[in-house]
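Residue numbers (this note's numbering): 780 to 1028. Built from N, CA and C at the ideal position, the CB exists for glycine as well. Step one of this worksheet: look at the structure below.
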Amino acid sequence: GEFDARGVKGVRISVIVPALNEEGNLARTLGLVLARPVWEVIVVDGGSRDGTVEIAREMGVEVVESARGRGLQMNAGAARASGDVFLFLHADTLLPERFDEDVVRTLGVGGVSLGAFQLCIDAEGGAYRFIEKCVACRSGMFQRPYGDQALFLKSEVFEALGGYPDYPVLEDYELVRRARKLGSVKLAEGCVVTSGRRWEARGVWKTTILNQVIIAAYRVGVSVERIARWRDGGKRGHVKMVVCGRSWR
């Protein structure tokens, strides 16, 4: 790509990383980001009790303190950011080598309101490869990427959408839903590599089914607060959801 002091084709990319107790992942994640000519990197800490903040500061990136909650943290980072494009990156997710070129190329297509990367899961097994294929279909054909795919959009579009909703869960789903009203959602060519820990912790199929039930509940009008309580119950292995009169365990 063509570079100047601001990045690919002069596009300033602000990378915003919400974090909470991510000392085991953050250095590797930030290292890949800092290898490219991005405009700024902002780590938004939600009250970590480990070395997350110290690692971020040692690597020379800006640290913003925020109330806990991914949507709140990402909005706090965006409020401090000054780039042309905001890229929201989970602390356990690794961007592809030339991600900045991918971002500029993807958002340069006419009518695109939001972009995201392909998803690769850092775990062995056929179940994970199946999930990756399902994600590719959902994201590409149905234009519904999730936050672990490193969503990115122009700053003025983010502002027009009102930022992330103040939701305890599904903030990424709602942002994408709103973005689709302004234009198309497009997948970049590159693939992010995300940790398989959330699938491993609860079980691959239980996690996958739970995620779909959560989406279904939201779409039929169940409040995000109630869904968050269900989800947190699921983390402890005792989830019960009632969707359209049917009980899910």
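Which term fits residue i, buried or exposed, when burial requires 16 or more other beta carbons within 10 angstroms of its beta carbon?
i, result
"G941", "exposed"
"I988", "exposed"
"E837", "exposed"
"R1010", "buried"
"K960", "exposed"
"F921", "exposed"
"V864", "buried"
"E935", "exposed"
"E833", "exposed"
"E801", "buried"
"A980", "exposed"
"W978", "buried"
"A798", "buried"
"V999", "exposed"
"S1002", "exposed"
So, at 6 Å on beta carbons, what are the nonlocal neighbours of residue i in its own chain, with the 5 sequence-adjacent residues on each side left out?
i, result
"F867", "I795, M853 and L930"
"H869", "D927"
"D901", "V972, S974 and G975"
"A1007", "P947 and V948"
"G894", "T885, L886, F931, K965 and A967"
"V983", "A906"
"V883", "V787, K788 and V790"
Give the secondary structure of residue i by DSSP, where H, G and I count as helix, E and B as strand, and everything else as coil.
i, result
"E938", "helix"
"A798", "strand"
"A1007", "helix"
"L868", "coil"
"A967", "strand"
"K933", "strand"
"S1026", "The predicted position of S1026 is uncertain, since its pLDDT is 37 and thus under 50; no value can be drawn from it."
"D824", "strand"
"V817", "coil"
"V948", "coil"
"V992", "helix"
"G786", "strand"
"R959", "helix"
"Q928", "helix"
"R998", "helix"
"G919", "helix"
"G803", "coil"
Going by the DSSP bridge assignment, what does residue i pair with across the sheet?
i, result
"E953", "Partner(s): none; E953 has no beta bridge."
"L809", "Paired residues: none, contrary to the question."
"E979", "E979 pairs with nothing; no bridge assigned."
"L873", "V972"
"S861", "Looking at the DSSP assignment, S861 forms no beta bridge with any residue, so it has no partner."
"S793", "E819 and F865"
Among the residues of its own chain, which have a CB less than 7 Å from the CB of residue i, if the five just before and after it don't count?
i, result
"G850", "Y943, P944, D945, Y946 and E950"
"E968", "D881"
"V888", "K965"
"F878", "R815 and G969"
"R847", "L799, G825 and G826"
"E844", "D824"
"R923", "R917 and V955"
"A1045", "Nothing can be reported for residue 1045: it is not among the residues displayed for the chain, which extend from 780 to 1028."
Looking only at its own chain, which residues have a Cβ that is under 8 Å from the Cβ of residue i, when we skip the five neighbours before and after it?
i, result
"V891", "T885, G962, S963, V964 and K965"
"D871", "E801, N804, T808, T973, S974 and R976"
Q.
Please give me, in chain order, every unbroken run of the alpha helix (DSSP H) with length at least 4 that falls completely inside the segment 828 to 857.
A. 831 to 837
**Q.** Entirely enclosed beta strand (DSSP E) segments - the segment 875 to 917, minimum 3 residues
**A.** 891 to 901
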